[in-house]
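Only one structure is covered here, and it is reproduced in the block below.
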Amino acid sequence: HQRVATKFPRVTETFFSGLGMQVTPIKLHGNMELAPCVDLAEMIVDIVSTGKTLKENHLLEVAPILEATTRLIANRVAYRMKSERIRDLVECLRGELVGEVSAK
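Heads up: the sequence shown begins at 66 in the numbering used here, then just goes up one per residue.
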């Protein structure tokens with residue numbers, strides 16, 4: 066069995082099971098990228114945004130498992146009572162995201 070460091074052991078097992086592979090998930094918190102370096106695991110399953118940390122640790126993204134999106138969730142009552150503040154926050158976040166995408 067290959068050892069796979071992850072914060073998501075169920076997702077990891079389901080993914081590899083679908084490939085017909087048996088793995089041993091090693092549940093870790095923190096820097097997954099270090100697990101192969103210190104011989105805790107042969108692979109990692111983690112959330113990747115830019116891939117910069119993977120490259121810095123000489124790791125290669127092999128296969129995407131899931132696509133994730135970020136959502137801002139508001140309570141309906143709070144949204145009605147504070148809609149202007151929430152819209153301001155959304156615009157601020159949009160500006161940050163646009164800047165982040167432009168930087169890539």
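For each residue, glycine too, the CB sits at the ideal point set by N, CA and C.
Nearest by alpha-carbon distance to residue i: which of the options is it?
i: Gly83; options: Ile130, Arg141, Leu162; result: Ile130
i: Glu121; options: Leu162, Tyr144, Met97, Gln67; result: Met97
i: Ala126; options: Thr135, Val113, Gly95, Lys92; result: Ala is not the amino acid found at residue 126; the sequence shown has Glu there. Looking at the Cα atoms, Val113 is the closest of the given residues.
i: Thr118; options: Leu99, Arg159, Met86, Asn140; result: Leu99
i: Val142; options: Arg136, Ile151, Leu105, Leu124; result: Ile151
i: Thr134; options: Leu162, Ser148, Asp153, Lys92; result: Leu162
i: Val88; options: Met108, Glu132, Asp153; result: Met108
i: Ala128; options: Leu137, Cys157, Asp111; result: Asp111
i: Gln67; options: Leu158, Glu132, Ala106; result: Ala106
Leaving aside the five residues before and after residue i along the sequence, list all residues of the same chain whose C-beta is less than 7 Å from its C-beta, in chain order.
i: Pro90; result: Val69, Thr71, Pro74, Thr77, Glu78
i: Gly160; result: none
Leaving out five residues before and five after residue i in sequence, what residues of the same chain have Cβ atoms less than 6 Å from its Cβ?
i: Glu149; result: none
i: Met86; result: none
i: Asn140; result: none
Threshold first: 3 residues or longer. Then list the beta strand (DSSP E) segments lying entirely within the stretch 75-163, N to C. Every unbroken stretch of the beta strand (DSSP E) spanning 3 or more residues and falling wholly within the stretch 75-163 is given here in chain order: 88-92, 108-110.
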